[in-house]
Amino acid sequence: MIGADDIPVIPRGVRMQFDRVRERWVLLAPERTVALDEIGRAILSEIDGERSFGQITAGLAAKYAAPQEEIAEDSRGFLGALIDRRFVEVRR
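The working numbering puts the first residue of the sequence shown at -4, with every later residue one more than the last.
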């Protein structure tokens, strides 16, 4: 589980890209693809390899005028699934 001080990182070989055929954003990795909705895209767009999970969720909460605890809970579940599938890594 990702903690507030952990730093999420999109590893080398993984990238977010707009798929013109499907007309949606996707996360691409070697031989793997994940379709993204607007929420997933918003979360991944904030990952820069320097800011902590807590900083990212605080920024998203301010940007979307939503409770940080709710943003953190949803983001933790989303990123946890991507970590399990090796689309995202965590530095502690």
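For glycine and all other residues, C-beta sits at the position ideal for the given N, C-alpha and C.
Margin query: Just to confirm before moving on: does the CB-CB distance between ILE5 and ILE42 stay below 9 Å?
Written below: yes
Margin query: Quick check on the burial criterion: 16 or more other C-beta atoms within 10 angstroms. Buried or exposed for GLY35?
Written below: buried
Notebook entry, point to check: With contact counted as at least three CB pairs below 8 Å, one residue from each stretch, are the region 4 to 19 and the region 53 to 65 in contact?
Noted result: no
Notebook entry, point to check: Mind checking whether the beta-carbon of ASP1 lies closer than 8 Å to any heavy atom of the ligand NAD?
Noted result: Judged by which ligands are present, the structure shown has none, so any question about the ligand NAD falls away.
Next item on the list: Pull up the DSSP beta-bridge partners for LEU22, would you.
Entry: MET11, VAL29
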